[in-house]
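Peer 1: Quick one: structure below, then a few questions.
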Amino acid sequence: MLLLASCGDARRPQRPARHVLLITVEGLRADHTSALMYHRSTTLLPVSAQQRVEGKALSIDDLAGDGVLFSQAFAPSGDGGQGVLSIFSGERGLDQPPRPMLAQSLADTGMFCVAFTNDSNHLPPGVEAGFHSCLRLESDLDVLIEAVRWFGVHDFGNCEGVFVWVHLAGPAFPFVPGTFSDPLTREPVDFAQLYVDRESGAHMNGSAAEREAWWSRPGASLPPPAELERLLDLYDGGVSEMSYQLWFLLDYLQFVTRSDRALDESVVIVSGVSGVELDRPGIPWGSSSEPHDSSLHVPLLIRHTGGLRGQRILDPVVELCDLAPTVCEWFGLGFPSSREGRSLLPMLGQPFGLERHSGAETEQFSSSPASLGMGRNPPRLTVRDERWRLVVDLADSGSSPLALVPESARLFDSLRNPREERDLAAQHPEQVIRMLRLLSDLRPNPEPAPKESP
C-alpha cells in the first residue's frame with residue numbers, strides 16, 4: 006500500500022517532531038540488554054532523583070521507558086551492514102542489494118541530513134545516499150567527538166529540521182572494551198573488568214588473534230565454562246561501554262540545545278542492526294552468520310517526548326525494514342508499495358489517544374506478523390513468528406533466488422528454548438507446514454530444489 010499522510014493525519018503524533026535522531030549499533034543482542042530484562046544492568050545508568058529532575062535519565066533503559074520498546078525486533082541477517090541498508094531502504098535485501106531511500110526522502114522535504122559512522126567493519130556502499138554529509142570514521146570515540154562537535158555549532162533553532170544518523174560498532178567482535186568516564190561521577194570505568202570475576206582464574210581476552218588460535222586447533226570446541234563466562238563478561242562490558250557513550254552523546258545534545266529543546270523535538274530511534282554468537286556449540290564466538298535469535302534478534306526503541314510517551318513494551322514481531330516506512334509516514338511522506346517494510350505508526354499511535362484505525366488496519370498489526378532472515382555459510386533462510394523459528398537450507402537450482410530445500414527444515418520453539426538448539430520438526434509437522442507457507446508468503450521462491458538421485 007502507498008502510505009501517504011498529511012499534516013492533519015490522525016495517525017501522526019499530535020505534536021509532530023522536527024528532527025530524527027537514528028542511533029544504530031552493531032553486535033547488540035536483545036537478550037543482553039537490561040531494557041529487555043537481562044540480569045545485568047548493561048543498558049542502564051543509575052541516576053539520583055535530582056539528576057532525573059535535571060533530565061539526565063538518558064540511558065537506553067530510560068529512553069525505552071519514555072517511549073516504545075519492541076521486544077521482538079529482527080534484523081534480516083547477522084551482517085550489520087545489511088541491517089543498516091534494511092533500515093534505510095525498507096527492504097530486507099536477502100536476494101539483491103536494497104536501495105536506500107530514507108535520507109533522500111527526508112532531504113527532499115528540506116531536512117539537513119548528516120551521518121557520523123564507525124566504518125571499522127566496512128559499511129556497504131550506498132548507505133550515505135541522500136546525506137548532505139556522511140563521515141566514515143575509525144572508532145566509536147571518533148564518532149562521538151565529531152557528533153558532539155557538530156551538535157555544538159549547529160543552529161537547531163532555525164526552521165530547518167535535521168536527520169542525524171550515529172552508527173557505532175558497539176560490542177561487536179572483537180570483545181575488547183576500553184575505558185570511558187562515568188558521565189555522572191566523572192570517574193574512569195574499565196569496562197573490560199566491569200563484570201569479570203577476578204577469582205575465576207579465566208584468562209580469555211576477547212581478541213581476534215585469540216579466537217583464531219583457539220579454533221585452528223584440531224577438534225576445537227567451545228572453551229571451558231569459566232573461560233566462556235569470561236567472554237560473556239567482556240561482551241557485556243562492551244554493551245555497557247556503548248551505553249555510557251550514548252548517554253554522553255544525548256546529554257551533550259540536550260545541554261547545548263536546551264533553549265531549542267532539540268532532543269524533545271526529535272524522534273529518537275535506537276536499534277541494533279545485528280547480533281553476535283557467544284556460546285553456540287561448534288560456532289566461533291563473535292561470528293554472526295547463524296540464522297538464529299542470537300544473530301538476528303536486536304533491541305529497537307522509538308521515543309518522542311512531544312507525542313509518544315509510551316512506557317510500553319510491544320510484543321508483535323517487527324523488522325528493521327519497517328523503520329523507513331514508519332519515519333516516512335510520520336513526516337507525511339509517501340513510501341513505495343513495492344518495498345517490503347510496513348509502517349509501525351498505527352501500532353505506535355493507537356495507545357496515545359489518537360483516532361482509532363479501521364478494523365482491517367488493526368487486524369494487520371494483531372495477526373502475528375513474522376520476520377524473514379538469512380544465514381550464511383551455508384546459505385539458509387529462516388522465518389520467525391512470535392513463538393516459532395523455521396530454518397531451511399537453500400540450494401542453487403540454476404535460478405535466482407536460491408531454491409528452498411523443504412526436507413531440510415528445522416523447527417525451534419524460540420520462547421521455550423531461546424537458544425534454539427532443539428529441533429522439533431518431527432514432533433510438530435503441522436507447524437513446519439504452516440511456517441513453510443508463511444515463508445513462501447513473505448518471499449516468493451522458485452520451485453524447490455530437486456532431490457539428488459540416490
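When you line the sequence shown up against the numbering used here, it's residues 6 to 459, in that order. Where is the CB? At the ideal position from N, CA and C, for every residue including glycine.
#1: DSSP three-state label for methionine 209, please.
#2: Which same chain residues end up closer than 6 Å to alanine 365 when comparing Cβ atoms and leaving out the 5 residues on each side of it in sequence?
#3: Going straight from the alpha carbon of glutamate 368 to that of aspartate 320, what length do you get?
#4: Using 8 Å as the Cβ pair cut-off and three pairs as the minimum, do the region 302-311 and the region 250-262 touch?
#5: Quick check: the Cα distance between proline 229 and asparagine 382, rounded to an integer number of angstroms?
#6: Counting beta carbon pairs with one atom in the region 111-122 and one in the region 169-186, are three or more of them shorter than 8 Å?
#7: Which class does arginine 421 belong to by DSSP, given the choice of helix, strand or coil?
#8: Taking the continuous beta strand (DSSP E) assigned at tryptophan 393, which residues delimit it?
#9: Taking 8 Å as the threshold (C-beta atoms), are serine 299 and leucine 283 in contact?
#10: Quick one: grab the DSSP three-state call for alanine 177.
#11: Report back the beta-carbon spacing between glycine 280 and glycine 83 to the nearest angstrom; my notes put them in contact at under 8 Å.
#12: With a threshold of 7 Å, establish whether the CB of serine 76 neighbours any heavy atom of the ligand FMN.
#13: Of the choices Val396, Arg317, Val201, Phe185, whose alpha-carbon is the least far from that of proline 296?
#14: Do you know offhand how far alanine 213's Cα is from serine 292's?
#15: Okay, do the region 144-158 and the region 104-112 touch, 3+ Cβ pairs below 8 Å being the bar?
#16: Starting from threonine 387 and walking both ways along the beta strand (DSSP E), at which residues does that stretch end?
#17: Can you give, in chain order, each stretch of the beta strand (DSSP E) that sits fully within the region 114-176 and has at least 3 residues?
#18: Once the 5 residues before and after phenylalanine 75 are set aside, which same chain residues still bring their CB inside 6 Å of it?
#19: To the nearest angstrom, how far is the alpha carbon of phenylalanine 357 from that of glutamate 426?
#20: For serine 419 and valine 278, what's the separation of their Cα atoms in angstroms?
#21: Return the CA-CA distance between valine 58 and valine 52, expressed in angstroms with no decimal places.
#22: Check phenylalanine 260 in the structure and name its three-state DSSP category.
#23: Can the beta-carbon of leucine 463 be found closer than 8 Å to that of valine 388?
#24: Tell me which residue opens and which closes the beta strand (DSSP E) that leucine 268 is part of.
#25: Express the C-alpha separation of leucine 41 and serine 294 in angstroms, rounding to a whole number.
#26: Is leucine 233 near phenylalanine 180, with beta carbons less than 8 Å apart?
#27: In chain order, what residues of the same chain lie with their CB nearer than 6 Å to the CB of serine 376, ignoring the 5 residues before and after it?
#28: Which whole-angstrom value describes the C-beta separation of alanine 22 and glycine 311, a residue pair presumed to lie in contact below a C-beta threshold of 8 Å?
#29: Between the Cα of valine 148 and the Cα atoms of Arg392, Ile28, Arg448, Glu270, which residue gives the shortest distance?
#30: Where does isoleucine 288 fall in DSSP's three states?
#31: Is the distance from the Cβ of serine 226 to the Cβ of proline 286 below 8 Å?
#32: Ordered along the chain, which non-local residues of its own chain (more than five positions away) have a Cβ less than 8 Å from that of valine 89?
#33: Is aspartate 195 buried or exposed, if buried means 16 or more other CB atoms sit within 10 Å of its CB?
#34: Within 10 Å of its beta-carbon, does phenylalanine 260 have 16 or more other beta-carbons around it, so buried, or fewer, so exposed?
#35: Can you check which of these residues, Leu407, Gly346, Phe136, Arg385, is closest to aspartate 398 by C-alpha distance?
#36: What ranges does the alpha helix (DSSP H) occupy inside the region 53-98, keeping only unbroken runs of at least 4 residues that lie completely in it?
Peer 2: Result, derived from the coordinates:
#1: In the structure shown, methionine 209 falls within a coil segment according to DSSP collapsed to helix, strand and coil.
#2: For alanine 365, the pLDDT reaches just 33, beneath the cut-off of 50, and the residue's location in the model is therefore unreliable, although a value from the coordinates is still provided. In its own chain, leaving out the 5 sequence neighbours on each side, no residue places its CB closer than 6 Å to the CB of alanine 365.
#3: Any reading at glutamate 368 must be qualified, since the residue scores a pLDDT of 37, below 50, and its modelled position is unreliable; no value is offered.
#4: Because the criterion of three Cβ pairs below 8 Å is not met, the region 302-311 and the region 250-262 do not touch.
#5: One C-alpha to the other measures close to 26 Å.
#6: The region 169-186 is in contact with the region 111-122.
#7: Residue state, collapsed to three classes: coil.
#8: Membership of tryptophan 393 in the beta strand (DSSP E) is indicated by the continuous run 393-400.
#9: It is a contact, given that the beta carbons lie within the stated cut-off.
#10: Alanine 177 carries a coil assignment under DSSP once its states are collapsed to helix, strand and coil.
#11: Distance from glycine 280 to glycine 83 at the Cβ level is roughly 6 Å; contact confirmed, criterion being Cβ atoms closer than 8 Å.
#12: Because no ligand of any kind appears in the structure shown, any question about the ligand FMN cannot be addressed here.
#13: Looking at the Cα atoms, Val396 is the closest of the given residues.
#14: Linking alanine 213 to serine 292 through their CA atoms gives a straight-line distance of about 11 Å.
#15: Judged by Cβ distances under 8 Å, the region 144-158 makes no contact with the region 104-112, as fewer than three pairs qualify.
#16: Counting along the chain, the beta strand (DSSP E) containing threonine 387 begins and ends at 385-389.
#17: Complete beta strand (DSSP E) runs here, min 3: 117-123, 138-142, 167-173.
#18: The residues are Leu305, Leu319, Val323.
#19: Note on phenylalanine 357: pLDDT 36, under 50, position unreliable in the model; no value is reported.
#20: Taking the straight line from one Cα to the other gives about 20 Å.
#21: The alpha-carbon atoms of valine 58 and valine 52 are separated by roughly 10 Å.
#22: Helix at phenylalanine 260.
#23: Lying before the first or after the last residue shown, residue 463 is absent from the chain, which here runs from 6 to 459.
#24: Segment: none, leucine 268 is in no beta strand (DSSP E) and carries neither H nor E.
#25: In a straight line, the C-alpha of serine 294 is about 23 Å away from that of leucine 41.
#26: No. Outside cutoff.
#27: Excluding residues within five positions, the ones whose Cβ falls inside 6 Å are Phe79, Val322, Glu324, Arg389.
#28: Yes, alanine 22 and glycine 311 are in contact; Cβ-Cβ is about 6 Å, under 8 Å.
#29: Out of Arg392, Ile28, Arg448, Glu270, Ile28 has the C-alpha closest to the C-alpha of valine 148.
#30: It is coil, neither helix nor strand.
#31: Contact: yes.
#32: Here the set comprises Thr29, Leu128, Pro129, Val132, His172, Val278.
#33: So aspartate 195 ends up on the exposed side.
#34: Note on phenylalanine 260: under 16 other CB atoms within 10 angstroms of its CB, so exposed under the neighbour-count rule.
#35: The option with the nearest alpha carbon to aspartate 398 is Arg385.
#36: Counting only runs of 4 or more, we get 54-58, 65-71, 85-94.
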